[in-house]
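Take a look at the structure set out below.
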Amino acid sequence: MPEGDSLVRLAHRLRSVMQDEELVVSDFRIGSLATVDLAGWNITDLVPTAKYLSMFLQAPQDCLVAHRTLVIFSHLGIDGSWQINGRITHQTRCILTLSKQIVVGSSLSTLEVLTPQQVQQRLTSLGPDLLDPDWLNPQRADQLLSTAQTNFRQRADQPIGSALLDQRLVSGIGNIYRCEVLSLTRMNPYRRVGTLTDAQLVGLIVLARDLMSANVPPRSTTHTARSTVDIRPDPQAAFGLRVANPQEKARAQADSQPTQPRRPRFWVYNRQTCLRCGTVIRRDPLGAVPGQARYVYWCPYCQAE
Ligand SMILES: [Zn+2]
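Using numbering that gives the first Met the number 0, read the sequence shown as starting at 0 and increasing by one per residue.
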């Protein structure tokens, strides 16, 4: 399952070849869209929302249609992709031919052509998107944070490790950031949401948002590998730490010698031992809903409580 930051990076990549381009051929390879033909339509924007991608298209001038704006709406699911000049396989669900390139969508868990209003309806069940540019507006950020907080408060009995993955509370967090944010705050994944103070809850959400923002353009290029280890102490912050700013991060990367082993990228995710204390990492099934097999990686020493 992709993290929200993968979608922001993907939209950034696709925008560079698709924005303001005309679709020469649209080829949808699923039954429900078999008769949809968007040839001649202009791609006006690509917008990631949590783990969904919306490609906005405008009808050609002379085209008589009920809706002049339509959206190719998709979700990557577990291993879906949109690739520029990608390989066409039996998993391919959509081929968009532009004047110079093709864009291939494969293994998508959702693929629909909708009106902008229908897209809005699809997205209403999602909690605040942690990578929404609205977070940059302080007034709007307060509203988003308060909505997120209210959503979490309604799940007092849910383990925090499962609530962080629940896209109805906040959206965009996938397994990597769920594990990393719990490790950084030394929080046990099974701790009930209801036992967290307001400061802890807000601190967790803000830290997850900042960790994700540090991994998307403009703070990070689409080519750098995702990493959560550039952290600085900050006595003012809820858990006494903050995410390094881009200058600090660049300095840390420059200081690591090429002869040294590669810098680790995560504290616990997909690791054998905890990067902080060396304890053997535990890996337990803990999804957003019971039965969803998503493995939480955590350190039983650092995250005892
Ligand atoms: Zn540890």
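Think of the CB as a built atom: it goes at the ideal place given N, C-alpha and C, for glycine as much as any other residue. Since the model is a prediction, treat every value here as computed from it, not as a measurement.
For residue i and residue j, I'd like the C-alpha separation in whole angstroms.
i	j	result
residue 6	residue 281	28 angstroms
residue 204	residue 144	8 angstroms
residue 9	residue 289	30 angstroms
residue 251	residue 59	50 angstroms
residue 292	residue 274	24 angstroms
residue 103	residue 44	17 angstroms
residue 18	residue 186	42 angstroms
residue 53	residue 241	32 angstroms
residue 164	residue 61	46 angstroms
residue 80	residue 123	24 angstroms
residue 366	residue 86	Because the chain in this structure spans residues 0 to 304, residue 366 falls outside the shown range and cannot be described.
residue 66	residue 94	22 angstroms
residue 284	residue 171	20 angstroms
residue 160	residue 201	15 angstroms
residue 208	residue 22	35 angstroms
residue 82	residue 41	19 angstroms
residue 134	residue 140	4 angstroms
residue 31	residue 277	52 angstroms
residue 246	residue 2	24 angstroms
residue 120	residue 71	15 angstroms
residue 77	residue 181	22 angstroms
residue 234	residue 210	18 angstroms
Is residue i near ligand 1 - that is, is its Cβ less than 7 angstroms away from at least one heavy atom of it?
i	result
residue 86	no
residue 275	yes
residue 278	yes
residue 300	yes
Of the choices the options, whose alpha-carbon is the least far from that of residue i?
i	options	result
residue 262	88, 241, 223, 240	223
residue 90	29, 124, 47, 40	29
residue 206	76, 106, 130, 191	130
residue 168	295, 287, 46	287
residue 99	15, 50, 32, 4	15
residue 227	26, 213, 66	213
residue 63	77, 178, 39	39
residue 166	208, 128, 194, 132	128
residue 279	264, 301, 285	301
residue 304	234, 267, 195, 235	195
residue 268	245, 247, 229, 298	298
residue 266	183, 132, 209, 31	183
residue 236	198, 177, 176, 101	198
residue 178	41, 270, 47	270
residue 56	126, 233, 114, 152	114
residue 244	234, 264, 219	219
With residue i and residue j assumed to form a contact (beta carbons below 8 angstroms), what rounded beta-carbon distance in angstroms separates them?
i	j	result
residue 192	residue 155	6 angstroms
residue 215	residue 4	5 angstroms
residue 69	residue 112	6 angstroms
residue 73	residue 51	7 angstroms
residue 295	residue 188	5 angstroms
residue 158	residue 190	7 angstroms
residue 20	residue 110	About 20 angstroms separates the two Cβ atoms, so there is no contact after all.
For chain B, find out if any of its Cβ atoms is closer than 8 angstroms to the Cβ of residue i; answer yes or no.
i	result
residue 194	You won't find chain B in this structure, because it holds only one protein chain.
Contained alpha helix (DSSP H) runs [length at least 4] in the stretch 214 to 276, N- to C-terminal order: 245 to 254
At 4 residues or longer, and completely inside the stretch 103 to 181: list those alpha helix (DSSP H) runs for me, N to C. 115 to 122, 137 to 152, 159 to 162
What are the complete beta strand (DSSP E) segments, minimum 3 residues, inside the stretch 31 to 77? 41 to 48, 51 to 57, 68 to 74
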